[in-house]
Structure formats: structure tokens, C-alpha cells
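Engineer: The sequence shown runs 53 to 381 under the numbering used here.
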Amino acid sequence: MKAITQNFALGDERPKILIGSRSFGQAFPEHLTQLEEAGCQVICNQVGRAYRATELLEVLPEMDAIITGTDELTADVINAAGRLKTIAKHGVGLETINLEAAQRRGIVVSATPGAIHDAVADLTLALLLALARKIIPAHLATQAGGWKPFFGIELRNKILGVVGLGRIGKAVCVRAQSFGMRLVAFDVYQDKEFAAQYGITFVSLDELLAMSDVVTLHAAAEGVDGALIGPAQFKAMKPTALLINTARGILVDEYALVAALRQEQIAGAGLDAFVEEPPAGSPLLEMENVVLTPHIGGRTMDGQRRMGEMVIENCLRVLHGQEPLHRVA
């Protein structure tokens, strides 16, 4: 990656960059410094969470760029941002950005694909192993002074159903193959060369749900009309099956998931993403057959460093009139 080295001239008006993403600059404050040293005015997140549309309508019209996480970049917000040149996504999910509005305005939208796929794939396997070997209840029982045997399952020869065979889904397959798992996948865009290399069989979503011992979600949320996994899908799964979601919370109907777990339609779930984050008051917080993490899939030092570097490069390139590394609109 050839980094932007030129700075904005002292006589020019310094471009203003709003930092919407809560994680940008958190692990690496020097990423904020890099933008300032490049001659930009950096306006850090003032609300402690993703910006809502009403808040962006007030602050974004004065900005030349936004480094966004899950801020509500609606059509109204984008249309009102008269100076905005670029939306630099700190991540890959684009469901909170109205891409059509950005395209109509000529605003360049970029993302950071490949920065954290290993991190998310690692956590996917961690959640799976925690469920399969009942690590959380075993840990808590041992910590409380008990010495109870917990019987789990082995992964070898179990069928892993991967919903969404993009970068993360592929990285999960590579890891799962080393455990001796059998692989099936559902994806609209089928990479048949990769599937042949790793022994993956493409099937329909219904077939995948019916045959899989573990279903792991890695589909994009944009373009999905309602939950991908709801009551009908849980009924189709094996009662011994496990569900892993390290993608987006809206892919799963959480009410249906709670019912499926209580009625033993499936055996357990490992979740790193929720419809509401944090999931305050959710029945999932009280259930024993789940493993929950606070959306930390991409939160490794390695991944955050790569992602920060990529988003800086994307943003500065556009502000200098160049093409970003990874343009999506």
C-alpha cells in the first residue's frame, strides 16, 4: 500500500473530518494524529455512540469527510451535507449508509475489506469451541469450587454450514477444515474455485439449515429484507445444532432465537452481534446455552491497526482528489 505523503498547504482551508466511528483511534490514538499532521481538522465523536440522523443533520454540513462506523447516514443527512466529499467506512458493513444518495451527490464511499477477516474468523471458531465444549459453564462451576464433568461434542466430521462465503466465511472454512469439519455453504455469488479447493458444497439455504450441525452467519446485512434466520428456519434446523452469528444482529430474529433455545429446537447459540447493542434486558442474557460477546469480532490490535491505516488512506486520497484504495460507491 503506497501511503499518501503530501499534506494540505498551509494557505488552504484545512478539511474537516468528523470521527463517527467509536473504535477509530481508540486502540491507536496515533491514527488521529496522522490525520492532524496531514493538515486536517479532526472533530472527534462527541456523543459516545454512533451518531443519529438528527445529530448528523446539525454537524455534518460543515464537514468535508466522515470516518463512520454505524452512524445513520440517511438520504436526508447526505443531501444536507453540502461540503461532504467522502464517507470512509471504518469496517465493511454498509447498511447504515444510503449509497444511492451518496452516488447522486458524487460523494465517494470507501471501506476497509480484508482488514479484520482473520480476527472475526478466529472469534467465530472461539464461540463454536466454547459452545461445543461447554467452556463457560465449566469455567464458572470450577471457579465456584465444583468439579463437575461437562460432556461436549467433537468437531470432526460435523457439518459446518456457512451462510455467506465472502472473506470472513472463507477464513472460517480454512480454520474449520483443520478440525476435520465437513463444509457446506450458501451464497448468491459462488466462488467455485475456492469451494473446490476446500471441499465445500454449495447448497440452498433450506438444505444448509436442515443438514448442518453448526450454522455460522457471515452474510452482509444490506439488501436483506427482515431477518435471514427466523421461526421457520429454526424449525428446519437439527435440535442438536448450534448457531453462530459474528456478522450483523439483524440477520437473526432474536425473539425466535429465544423461543428456539427454550423449546430445544436448537442446542445453543454463540452471538457477537445483536439487534440492539448492548442487548439490555434481552432474555438471552439469562440463558445458559448461549455464549455472548460484545461485538468484539474485529477488536484485535492487529486488525484495528490495519483497518485504521486503510481508512486514513481512503479518506486522504479522496480529499487530495485521488481514488481511494477500496471504493464501494
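Ideal Cβ positions, reconstructed from N, Cα and C, are used throughout, including at glycine. Treat the numbers as computed from the prediction; the structure is a model and nothing was measured.
In chain order, what are the residue ranges of uninterrupted beta strand (DSSP E) at least 3 long that sit wholly in the stretch 234-303?
Structural biologist: 234-238, 252-254, 266-269, 294-297
Engineer: What does the alpha-carbon distance come out to for the pair L323 and A90?
Structural biologist: Taking the sequence shown and counting its residues from 1, the one referred to as residue 323 is at position 271. Taking the sequence shown and counting its residues from 1, the one referred to as residue 90 is at position 38. Computed Cα separation, rounded: 39 Å.
Engineer: Quick check: the Cα distance between L136 and H372, rounded to an integer number of angstroms?
Structural biologist: Along the sequence shown, read from residue 1 onward, the residue named residue 136 stands at position 84. Along the sequence shown, read from residue 1 onward, the residue named residue 372 stands at position 320. Going by the C-alpha atoms only, they are around 13 Å apart.
Engineer: Is P71 helix, strand or coil by DSSP?
Structural biologist: Counting from one through the sequence shown, the residue named residue 71 turns up at place 19. One point to set straight first is that residue 71 is Ile, not Pro, in the sequence displayed. I71: strand per DSSP, three-state reduction.
Engineer: Count Cβ pairs between the stretch 190-205 and the stretch 160-180 that sit closer than 8 Å; are there 3 or more?
Structural biologist: Counting Cβ pairs under 8 Å, fewer than three are found: no touch.
Engineer: Helix or strand or just coil, what does DSSP make of I149?
Structural biologist: Counting from one through the sequence shown, the residue named residue 149 turns up at place 97. Residue state, collapsed to three classes: strand.
Engineer: Starting from T194 and walking both ways along the beta strand (DSSP E), at which residues does that stretch end?
Structural biologist: Here residue 194 refers to the residue found at position 142 of the sequence shown. Unbroken run through T194 is the alpha helix (DSSP H), 187-195; no beta strand (DSSP E).
Engineer: Would DSSP call A127 helix, strand or coil?
Structural biologist: Walking along the sequence shown from the start, residue 127 turns up at place 75. Of the three classes helix, strand and coil, the one that applies to A127 here is helix, per DSSP.
Engineer: By the 10 Å Cβ neighbour count, where 16 or more other Cβ atoms means buried, how is N49 classified, buried or exposed?
Structural biologist: Given a span of 53 to 381 for the chain in the structure shown, any question on residue 49 remains unanswerable.
Engineer: Count Cβ pairs between the stretch 199-212 and the stretch 220-240 that sit closer than 8 Å; are there 3 or more?
Structural biologist: yes
Engineer: How many whole angstroms separate the CB atoms of T122 and A102, which I take to be in contact at a CB cut-off of 8 Å?
Structural biologist: Along the sequence shown, read from residue 1 onward, the residue named residue 122 stands at position 70. Along the sequence shown, read from residue 1 onward, the residue named residue 102 stands at position 50. Indeed, because the Cβ distance is near 4 Å, the residues count as touching under 8 Å.
Engineer: What are the boundary residues of the alpha helix (DSSP H) that S230 is part of?
Structural biologist: The count along the sequence shown starts at 1 and reaches residue 230 at position 178. Element bounds for S230: 219-230.
Engineer: What is the rounded straight-line gap between the Cα of C96 and the Cα of L151?
Structural biologist: Working through the sequence shown from its first residue, we reach residue 96 at position 44. Working through the sequence shown from its first residue, we reach residue 151 at position 99. Roughly 24 Å separates the two Cα atoms.
Engineer: How is the alpha helix (DSSP H) around A173 delimited, first residue to last?
Structural biologist: Position 121 of the sequence shown, counted from the start, is the residue given in the question as residue 173. Note, A173: alpha helix (DSSP H), 169-184.
Engineer: Compare the C-alpha of N341 against each of P67, V160, L183 and name the closest.
Structural biologist: As a position in the sequence shown, residue 341 is number 289, starting the count at 1. That would be L183, whose Cα lies nearest to the Cα of N341.
Engineer: Below 8 Å on the Cβ atoms is my contact criterion, and I expect F76 with H142 to pass it. Report the Cβ-Cβ distance as a whole number of Å.
Structural biologist: Taking the first residue of the sequence shown as 1, we reach residue 76 at position 24. Taking the first residue of the sequence shown as 1, we reach residue 142 at position 90. That belief holds up - the Cβ atoms of F76 and H142 are roughly 5 Å apart, short of 8 Å.
Engineer: With a floor of 4 residues, list each alpha helix (DSSP H) that falls wholly inside the stretch 78-105, ordered by position along the chain.
Structural biologist: Listed in chain order, the complete alpha helix (DSSP H) runs (minimum 4 residues) inside the stretch 78-105 are 82-89.
Engineer: Here's the rule: buried if 16 or more other CB atoms are within 10 angstroms of the residue's CB, otherwise exposed. What is L337?
Structural biologist: Position 285 of the sequence shown, counted from the first residue, corresponds to residue 337. Answer is exposed; the Cβ neighbour count stays below 16.
Engineer: Kindly list the residues whose CB is nearer than 7 Å to the CB of H83, restricted to its own chain and excluding five residues on each side of it in sequence; keep chain order.
Structural biologist: As a working note, residue 83 is residue 31 in the sequence shown. Within the same chain, Cβ atoms closer than 7 Å to the Cβ of H83 are found at F76, G77, G360, I364, the five residues on either side in sequence being excluded.
Engineer: Compute the Euclidean distance between the alpha carbons of M339 and M353, then round it to the nearest angstrom.
Structural biologist: As a first step, residue 339 must be located in the sequence shown, where it is residue number 287. As a first step, residue 353 must be located in the sequence shown, where it is residue number 301. One C-alpha to the other measures close to 30 Å.
Engineer: Using the rule of at least 16 other Cβ atoms within 10 Å of the residue's Cβ for burial, across every protein chain shown, is I65 buried or exposed?
Structural biologist: For the purposes of this step, residue 65 is identified with residue 13 of the sequence shown, where counting begins at 1. In the sequence under discussion, the amino acid at residue 65 is Glu, which differs from the Ile named in the question. Under this definition E65 is an exposed residue.
Engineer: Just the C-alpha distance for K287 and Q315, rounded to the nearest angstrom, thanks.
Structural biologist: Taking the first residue of the sequence shown as 1, we reach residue 287 at position 235. Taking the first residue of the sequence shown as 1, we reach residue 315 at position 263. Each residue's Cα considered, the two are about 10 Å apart.
Engineer: Where does V160 fall in DSSP's three states?
Structural biologist: In the sequence shown, residue 160 corresponds to position 108, counting from 1. Three-state DSSP puts V160 in a strand.
Engineer: For a test of the three-state rule: what should DSSP assign to L344, helix, strand or coil?
Structural biologist: Working through the sequence shown from its first residue, we reach residue 344 at position 292. L344: strand per DSSP, three-state reduction.
Engineer: How would you label T268, buried or exposed, when you count the other beta carbons within 10 angstroms and need 16 or more for buried?
Structural biologist: Translated into positions along the sequence shown, residue 268 becomes position 216. T268 is buried by the Cβ-count criterion.
Engineer: In the DSSP assignment, the alpha helix (DSSP H) including I364 goes from what residue to what residue?
Structural biologist: The residue given as residue 364 occupies position 312 in the sequence shown. 353-371 is the extent of the alpha helix (DSSP H) around I364.
Engineer: Among E124, I318, H270, which one has its Cα closest to the Cα of Q285?
Structural biologist: Here residue 285 refers to the residue found at position 233 of the sequence shown. Restricting attention to E124, I318, H270, the CA atom closest to the CA of Q285 is found in I318.
Engineer: Just to confirm, is the Cβ distance from V215 to I252 under 9 Å?
Structural biologist: Indexing the sequence shown from 1 puts residue 215 at position 163. Indexing the sequence shown from 1 puts residue 252 at position 200. Contact flag unset, no.
Engineer: Assign E124 to buried or exposed, taking buried as 16 or more other Cβ atoms, counted over all protein chains shown, within 10 Å of its Cβ.
Structural biologist: Counted from its first residue, the sequence shown places residue 124 at position 72. Counting Cβ neighbours within 10 Å, E124 comes out buried, since at least 16 surround it.
Engineer: Specify, as a first and last residue, the run of the alpha helix (DSSP H) that A312 falls within.
Structural biologist: As a working note, residue 312 is residue 260 in the sequence shown. Counting along the chain, the alpha helix (DSSP H) containing A312 begins and ends at 306-314.
Engineer: I need the straight-line Cα distance from A223 to A171, nearest angstrom please.
Structural biologist: Indexing the sequence shown from 1 puts residue 223 at position 171. Indexing the sequence shown from 1 puts residue 171 at position 119. Straight across, the Cα-Cα distance linking A223 with A171 is about 9 Å.
Engineer: Which of the three DSSP states, helix, strand or coil, is assigned to A140?
Structural biologist: Residue mapping note: residue 140 aligns to position 88 of the sequence shown, counting from 1. If DSSP states are grouped into helix, strand and coil, A140 belongs with the strands.
Engineer: With a 10 Å radius around its C-beta and 16 neighbouring C-beta atoms as the bar for buried, classify M53 as buried or exposed.
Structural biologist: As a position in the sequence shown, residue 53 is number 1, starting the count at 1. Note that M53 has pLDDT 47, beneath the 50 cutoff, so the model's placement of it is unreliable and the number below is only indicative. By the neighbour-count rule (16 or more Cβ atoms within 10 Å), M53 is not buried but exposed.
Engineer: A133: buried (16+ other C-beta within 10 angstroms of its C-beta) or exposed?
Structural biologist: Within the sequence shown, residue 133 is the residue found at index 81, counting from 1. So A133 counts as buried.
Engineer: So, for I118: in the same chain, excluding its five sequence neighbours on each side, which residues have a beta-carbon less than 6 Å away from its beta-carbon?
Structural biologist: Position 66 of the sequence shown, counted from the start, is the residue given in the question as residue 118. Cβ within range, chain order: L70, G72, I139.
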